[in-house]
Amino acid sequence: MIKIVGLEKSFNNQTVLRGVNLNISDKELLAIIGESGGGKSVLLRLLIGLIKPDKGKIIVEGEDVAELRGRALHTIRDKFGVVFQGGALFDSMTVYENISFPLKEKTKLNDAEIDQRVERALEDVGLKGIETKYPAEISGGMKKRVALARALVTEPKIVLFDEPTTGLDPIILHSIHKLIVDTHRKYGFTGVMISHDIPEIFDVVDRIAFLYKGVIEVEGTPDEIKTSSDPVVRQFITGGLKGPIQTS
Amino acid sequence: MIIVRLIRAMGSRTLTIVRTMGDMFIFLLHALLHIFIPPFKHRLLLREIRFIGTRSMTVIILMGSFTGMVIALQSFYTLRKVGSEALVGPAVALSLIRELGPVLSALTVTGRAGSALSAEIGIMRITEQIDALTSMALNPIRYLITPKIVAAIIVFPLLTSLYDVIGIFGGYLVSVKLLGITAGTYFSQMKQFVDMQDVTIGLYKSLSFGVIVLWTCCYKGFYTGYGAEGVSKATTEAVVMSSVLIIIWDYFIGSLFL
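As you go down the protein sequences, you meet chains A and B in turn.
For the first sequence, the positions run 280 to 527 when the numbering used here is used.
For the second sequence, the positions run 106 to 363 when the numbering used here is used.
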């Protein structure tokens, strides 16, 4: 479904991605792990065309996102739902308005149908009765759930998660992971998740790609990553201070 | 070597300025283009009219009344030296309608609403709300910028008119109730000296100031730097740049209509 070929990206002479190659299958849930500041979020932004690569291709359903402009780019973006790191909920809107916003703007559904879809999305993420609250009035965990509901309400084919559990306590973290697994099963989307949650992520996703020094160092199933003999991967998943990954 | 480095630095700076001007111009064109492309965002427009216009009324009334009073006071003592204190009315009216009304109301709205809008858009940028809009295949300029610029086009001339009327009334209070000029003198002289062209120039000025203020503030917020510091810097730059542009544009438009 998604094919990334030789993707390169630099900012102010600092190379972040040096030739990323990655295939993501239909309805697969893939996690991208790697060092902080290693270019994972950049990769996610490139996937949806928020920034353009210096080189390489991002093929989504046969179309190169990097080459698309205007209406064609909008059409491909309609296939995506994105859960941003902080939720990126619109401050000036209530929870209901946030979730219904893409439906009101992008579809011709009537008010009753929109109400129904919003209600179902909130039910799926385990939140009901907070429709009239503003983002500032709800907790961090709730914001992530509302962001997930907003991403899912249009029933996209691909959902991107940018560190969906950052800043959450372990119990909420597990509940968000469970929610992602449950909604993935229910909606059948292709999911790409940026995560630092090791080892929890091994129980959540189908496959893991490890981004290191601007390339995909290793990719495989959680079991393959767990048992990998690559010293970089070993150091990363054990969190050791000694090894090829240097901390400054 | 030093000269080469100096020339290179100047060239680089000039290129940055030219590029920024080009970006700003494209940003404005983009925002203006969406005025004519449906669907129109009426609700957003009304929200912005309320924020930029209705909520600025109190400060406009306060500023306008005291500006009129100050002009009346100063004009009276200056004109009395040449025995022309009867011309206080036209002095107040012309100063306000042609110059001070549009300029001071624009500066007031820049401080009250422009800075807030710049910060609001900047915060939306750093909290990825603008990216969220883009990722939904929606154009953030259409949602965030166009309604604000249209609201400014509607609201600025109205606020300026209010400023002028309140200022003239403030001048009346000082001239008639405090300094002893008759109400008839104050208003009849005003009617004789102020013509429709003065009013039109004032309104043109305020309309163009509205576009300048919102364009600058929105641009600075939209392309803010990282974090709280970035937003703070963008807001400061927006206010300073808007204020400077208002005065520069006031000179050009003033000399054009003289």
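Each residue gets a CB set at the ideal place from its N, CA and C atoms; glycine is no exception.
query = From Ala428 (chain A) to Lys436 (chain A), what distance separates their C-alpha atoms?
reply = Counted from its first residue, the first sequence places residue 428 (chain A) at position 149. Counted from its first residue, the first sequence places residue 436 (chain A) at position 157. Approximately 14 Å between the Cα atoms of the pair.
query = So the beta strand (DSSP E) Met241 (chain B) belongs to, where does it begin and stop?
reply = For the purposes of this step, residue 241 (chain B) is identified with residue 136 of the second sequence, where counting begins at 1. Per DSSP, Met241 (chain B) belongs to no beta strand (DSSP E) and is neither H nor E.
request  = Flag Ala224 (chain B) as yes if its beta-carbon sits less than 8 Å from any beta-carbon of chain A, otherwise no.
outcome  = Here residue 224 (chain B) corresponds to residue number 119 of the second sequence, with the count starting at 1. Not an interface residue.
task = Assign Phe141 (chain B) to one of two classes, buried (16 or more other C-beta atoms within 10 Å of its C-beta) or exposed (fewer than that).
result = As a position in the second sequence, residue 141 (chain B) is number 36, starting the count at 1. By the 10 Å Cβ count, Phe141 (chain B) comes out exposed.
query = Taking the continuous beta strand (DSSP E) assigned at Asn291 (chain A), which residues delimit it?
reply = Position 12 of the first sequence, counted from the first residue, corresponds to residue 291 (chain A). Looking at the DSSP string, Asn291 (chain A) is not in any beta strand (DSSP E), and its letter there is neither H nor E.
query = Which residue from B:Gly219, B:Val123, B:Ala257 and B:Thr163 puts its Cα closest to that of Leu150 (chain B)?
reply = As a working mapping, residue 150 (chain B) is identified with position 45 in the second sequence. With distances taken between Cα atoms, Leu150 (chain B) lies closest to B:Ala257.
request  = Less than 8 Å between the CB atoms is what I'm expecting for Val484 (chain A) and Ala310 (chain A), so what's the real figure, rounded?
outcome  = One-based indexing of the first sequence puts residue 484 (chain A) at position 205. One-based indexing of the first sequence puts residue 310 (chain A) at position 31. Val484 (chain A) to Ala310 (chain A), Cβ: 4 Å. Contact.
query = Where does Met126 (chain B) sit, in a helix, a strand or coil, going by DSSP?
reply = Within the second sequence, the letter at position 21 stands for residue 126 (chain B). Met126 (chain B) falls in the helix class under three-state DSSP.
query = Mind pulling the alpha helix (DSSP H) runs of 4 or more residues that sit fully within the region 267 to 352 of chain B?
reply = 288 to 298 and 301 to 327
key: Euclidean distance between Cα positions of Ile229 (chain A) and Pro381 (chain A)   = Past the edges of chain A, shown from 280 to 527, lies residue 229 (chain A), and the structure says nothing about it.
request  = Identify every run of the beta strand (DSSP E) within the region 388 to 453 of chain A, keeping only runs that are complete inside it and at least 3 residues long; order them along the chain.
outcome  = 437 to 441
ask   = Could you give the distance in angstroms between the alpha-carbon of Ser379 (chain A) and the alpha-carbon of Ala218 (chain B)?
value = Taking the first sequence and counting its residues from 1, one reaches residue 379 (chain A) at position 100. Taking the second sequence and counting its residues from 1, one reaches residue 218 (chain B) at position 113. Roughly 28 Å between the two C-alpha positions.
query = Interface residues of chain B around Ile327 (chain A) at Cβ under 9 Å?
reply = As a first step, residue 327 (chain A) must be located in the first sequence, where it is residue number 48. In chain order: Asp236, Thr239 and Ser240.
message = By the three-class DSSP mapping on this structure, what secondary structure does Leu296 (chain A) have?
response = In the first sequence, counting from the first residue as 1, residue 296 (chain A) sits at position 17. In this structure, Leu296 (chain A) counts as strand in the three-state DSSP scheme.
ask   = Is DSSP giving Ala488 (chain A) helix, strand or coil here?
value = Residue numbering aside, residue 488 (chain A) sits at position 209 when the first sequence is read from its first letter. Looking at Ala488 (chain A) - three-state DSSP - the assignment turns out to be strand.
ask   = What's the C-alpha gap between Gly318 (chain A) and Ile330 (chain A)?
value = Start at 1 with the first residue of the first sequence, and residue 318 (chain A) comes out as number 39. Start at 1 with the first residue of the first sequence, and residue 330 (chain A) comes out as number 51. If you take the alpha carbons of Gly318 (chain A) and Ile330 (chain A), they lie about 13 Å apart.
message = Going by DSSP, what residue range makes up the beta strand (DSSP E) through Glu496 (chain A)?
response = The residue given as residue 496 (chain A) occupies position 217 in the first sequence. Taken as a continuous stretch (DSSP letters only), the beta strand (DSSP E) holding Glu496 (chain A) covers Val494 to Gly499.
Straight-line Cα distance separating Gly194 (chain B) from Thr287 (chain B) = Residue 287 (chain B) sits at position 182 when you count from the first residue of the second sequence. Residue 194 (chain B) sits at position 89 when you count from the first residue of the second sequence. Roughly 10 Å separates the two Cα atoms.
message = On the CB-based measure, 16 or more other CB atoms within 10 Å of its CB, does Phe171 (chain B) come out buried or exposed?
response = Here residue 171 (chain B) corresponds to residue number 66 of the second sequence, with the count starting at 1. Its Cβ having fewer than 16 others within 10 Å, Phe171 (chain B) is exposed.
query = Under 8 Å between C-beta atoms, does Leu243 (chain B) make it to chain A?
reply = Here the question's residue 243 (chain B) lines up with position 138 in the second sequence. Output row for Leu243 (chain B): interface = yes.
key: Thr469 (chain A), enclosing beta strand (DSSP E) - first and last residue   = Within the first sequence, the letter at position 190 stands for residue 469 (chain A). First-last of the beta strand (DSSP E) with Thr469 (chain A): Thr469 to Ile473.
key: Members of the region 353 to 365 of chain A near chain B, C-beta cut-off 9 Å   = His353, Thr354, Ile355, Arg356, Asp357, Phe359, Gly360, Val361, Phe363, Gln364 and Gly365
ask   = Thinking just about the alpha-carbon of each residue, which of B:Leu120, B:Ser313, B:Gly275 and B:Arg152 is nearest to the one in Ser248 (chain B)?
value = Numbered from its first residue, the second sequence carries residue 248 (chain B) at position 143. Rather than Ser, the amino acid found at residue 248 (chain B) in this sequence is Tyr. The candidate whose alpha carbon is nearest that of Tyr248 (chain B) is B:Arg152.
query = Which one of B:Thr290, B:Ser240 and B:Glu225 has the shortest CA to CA distance from Phe327 (chain B)?
reply = In the second sequence, the residue the question calls residue 327 (chain B) occupies position 222. Nearest option by C-alpha distance: B:Glu225.
key: Nearest-angstrom beta carbon gap, Val299 (chain A) and Ile281 (chain A) [assumed within contact, 8 Å]   = The residue labelled residue 281 (chain A) in the question sits at position 2 within the first sequence. The residue labelled residue 299 (chain A) in the question sits at position 20 within the first sequence. Wrong, their Cβ atoms sit about 12 Å apart, outside the cutoff.
Gly206 (chain B) vs Asp269 (chain B) beta-carbon contact at 8 Å = As a working note, residue 206 (chain B) is residue 101 in the second sequence. As a working note, residue 269 (chain B) is residue 164 in the second sequence. Yes, these two residues count as a Cβ contact at 8 Å.
inquiry  = Once the 5 residues before and after Ile235 (chain B) are set aside, which same chain residues still bring their CB inside 6 Å of it?
reply    = For this step, residue 235 (chain B) is matched to residue 130 along the second sequence. Cβ neighbours of Ile235 (chain B) beyond the five flanking positions: Met229 and Pro245.
task = Just mark Ile459 (chain A) as buried or exposed, buried being the case when its beta carbon has 16 or more other beta carbons within 10 Å.
result = Translated into the one-based positions of the first sequence, residue 459 (chain A) becomes position 180. By the 10 Å Cβ count, Ile459 (chain A) comes out buried.
query = List, in order along the chain, the chain B residues whose C-beta lies closer than 9 Å to that of Lys387 (chain A)?
reply = The residue you call residue 387 (chain A) lines up with position 108 of the first sequence. Within chain B, no residue comes near Lys387 (chain A); the closest Cβ sits about 12 Å away, beyond 9 Å.
ask   = What residues match up with Ile281 (chain A) in a beta bridge as DSSP calls it?
value = Within the first sequence, the letter at position 2 stands for residue 281 (chain A). A:Ile303 and A:Val339.
inquiry  = Using a Cβ-Cβ distance cut-off of 8 Å, determine whether Thr125 (chain B) contacts chain A.
reply    = Within the second sequence, residue 125 (chain B) is the residue found at index 20, counting from 1. Taking Cβ atoms only, chain A never reaches closer than 8 Å to Thr125 (chain B), which makes this a no.
Interface positions of the region 441 to 464 of chain A facing chain B (Cβ-Cβ less than 8 Å), listed along the chain = none
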